[in-house]
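Shown next, in structure tokens, is the structure this report addresses.
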Amino acid sequence: MTRFNLIGSLRTSVICVLFFSSVVYTLSSGVQKPGLVQSSLAKERQNEVKKVFASAYADYMKFGFPFDEVRPVAKRGQNTRNGWSATLVDSLDTLFIMGLKNEFDQGVSHTLKIDFSKSQTNDSVSLFETTIRYLGGMLSVML
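Just so you know, the sequence shown maps onto residues 87 to 229 in the numbering used here.
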């Protein structure tokens, strides 16, 4: 895929995501009742999920960053998605939702420095993976 085709496809993807995001937001705005209170068990589970995610993310940052992913047994990173720190960008929305502000701020700071015009791998660029991981990660933070 040529660079111009990729840019045109990304532009189309952005327009589609923005349109459908507004439709989903409009249709889902009345789903959760206001004033909903979590049970103590739900809060315990929420804290446990946050703890496990934070641990896995810390391991990625220690052993895998700035590569796309971490190989946990080998304790090293590898690029499988263009070499643009896929795990970090794909995790931005989760970091935000979980209130991991320092990690989120660092992730946004790094994402702003990525040169998306240059792949760090010899593989061809997957438009699907680029859209769901990078574009999706960045758009979810903006909305």
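Where a beta carbon is used, it is the ideal one built from N, C-alpha and C, also for glycine. Since this is a predicted model, take the numbers as computed values, not measurements.
I'd like to know whether the C-beta atoms of residue i and residue j end up nearer to each other than 7 Å.
i	j	result
Lys161	Phe151	no
Ile200	Trp170	yes
Rounded to the nearest angstrom, how far is the Cβ of residue i from that of residue j, given a contact under 8 Å?
i	j	result
Val156	Asp145	6 Å
Glu215	Tyr143	Their Cβ separation, rounded to whole angstroms, is 20 Å, which puts Glu215 and Tyr143 out of contact at 8 Å.
Decide if residue i is buried, meaning its Cβ has at least 16 other Cβ atoms within 10 Å, or exposed.
i	result
Leu186	buried
Arg167	buried
Asp154	buried
Asn133	exposed
Given this structure, state the Cα-to-Cα distance separating residue i from residue j, to the nearest angstrom.
i	j	result
Leu181	Leu127	22 Å
Tyr220	Gly163	18 Å
Ser226	Val159	30 Å
His196	Met147	12 Å
Arg131	Leu122	17 Å
Gln124	Gly222	29 Å
Pro120	Met228	24 Å
Val211	Asn165	12 Å
Leu213	Lys129	38 Å
Val194	Ile183	14 Å
Gln192	Leu198	10 Å
Quick check: does the Cβ of residue i come within less than 6 Å of any heavy atom belonging to the ligand PLP?
i	result
Met147	No copy of the ligand PLP appears in this structure; indeed no ligand is present at all.
**Prompt:** Is it a yes or a no for the segment 176 to 191 touching the segment 206 to 215, going by three-plus beta-carbon pairs under 8 Å?
**Reply:** They do not touch, by the three-pair rule.
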